[in-house]
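Worksheet: the structure to be examined is printed underneath.
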Amino acid sequence: MKELHCPACGTPCVRVISGTSLIEKTLNRFSIFGVRCQLCTTRFQARRPGNRMTSQAFDRREYRRLPANFAATLILDQLAAGGFVTDISMGGCALQATTTLARGTFVKFVLYGPSGQADIKVDSAMICSVQPQSVGVKFLEFDPEDKQRMGQLILELLADQQAPPRISSRS
Ligand SMILES: [Zn+2]
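This is the structure:
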C-alpha cells in the first residue's frame, strides 16, 4: 500500500484517526479516513482501501504520545506547577507534577529546551486531567515558531523510537 504523506509538510509521520461523527463513520465505510499529521498537525482525508483500523482501536488519540523526559512548567498568572514531561505529542503531554489547578483550567505551558535549545512555549493549553502525581495537558495554540520547534522535537523522539535496539557487548 502506498505510504501516506502529509500534504502540507510532506512527512510520512501521519496517523489515521478513527471517525467519531456520523459523517466520518460513513466515510470510513467507503475507506475514506481522516488523517492527522503528527508533526505540523494538518488534518486531511485519504482513501485507505482495506484499512480496518484494528491496530489503533485501543487508542483513539489523534496524536501518538511518545515517551519523553523534559522539564516543563505550567503558568497561570505565576508559576503554577513544574515537573517532568513523561510523554508528549503535538496534541498534549503528561506532566509529572502536583497541582491545585482544576481540570479545564487554561494555562500557558513552557517546555525547557534540552541541552541549550530554546524553550518551547504553548500559548494556550488546557488541563485535561489531574491525578495525584501527574497532570494531563492538552495543547491548543502555539506561535508558529514554537509549533515548528515542537514538531522538530517530536520528529527527534520518533526517530529515537524507530532506531533499532542497540546491541550491547557480545561477551
Ligand atoms: Zn504535516
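FYI, the UniProt record's numbering numbers position 123 of the sequence shown as 123, with every residue one higher than the one before it.
Positions of the beta carbon are idealized from the N, C-alpha and C atoms, including for glycine.
Heavy atom of ligand 1 within 6 angstroms of A159 beta-carbon: no
With a threshold of 8 angstroms, are at least 3 pairs of Cβ atoms found where one atom belongs to the stretch 112 to 123 and the other to the stretch 4 to 21? no
In the DSSP output, which residue or residues are listed as bridge partners for residue 249? The structure shown does not extend to residue 249, since the chain is modelled only from 1 through 171, so no value can be given for it.
Quick one: is the Cβ of A102 within less than 6 angstroms of any heavy atom of ligand 1? no
Please return the same chain residues whose Cβ sits closer than 7 angstroms to the Cβ of G34, not counting the five positions on each side in sequence. I17, G19, E24, R43, Q45
Determine the contact status of T105 and I120, defining contact as a CB-CB distance below 7 angstroms. no
Same chain, Cβ closer than 6 angstroms to C122, neighbours up to 5 away in sequence not counted: According to the sequence shown, residue 122 is Val rather than Cys. Answer for V122: F109, F139, F142, listed in chain order.
Based on DSSP bridge pairs, tell me the residues matched to A72. G83, L111
Own chain, CB closer than 6 angstroms to P67, minus 5 neighbours either side, in chain order: D87
Please identify the residue among E3, Q162, A72, S89 whose C-alpha is closest to the C-alpha of Q152. S89
When burial is assigned at 16 or more other CB atoms within 10 Å of the CB, is E3 buried or exposed? exposed
Distance cut 6 angstroms, beta-carbon to ligand 1 heavy atom: residue list by chain order: C6, A8, C9, T11, C37, L39, C40, T42
If we ignore side chains and look at the alpha-carbon of each, how far apart do A80 and A118 end up? 21 angstroms
Looking at the unbroken beta strand (DSSP E) that takes in L101, where does it start and where does it end? It is not in any beta strand (DSSP E) - L101 carries neither H nor E in the DSSP assignment.
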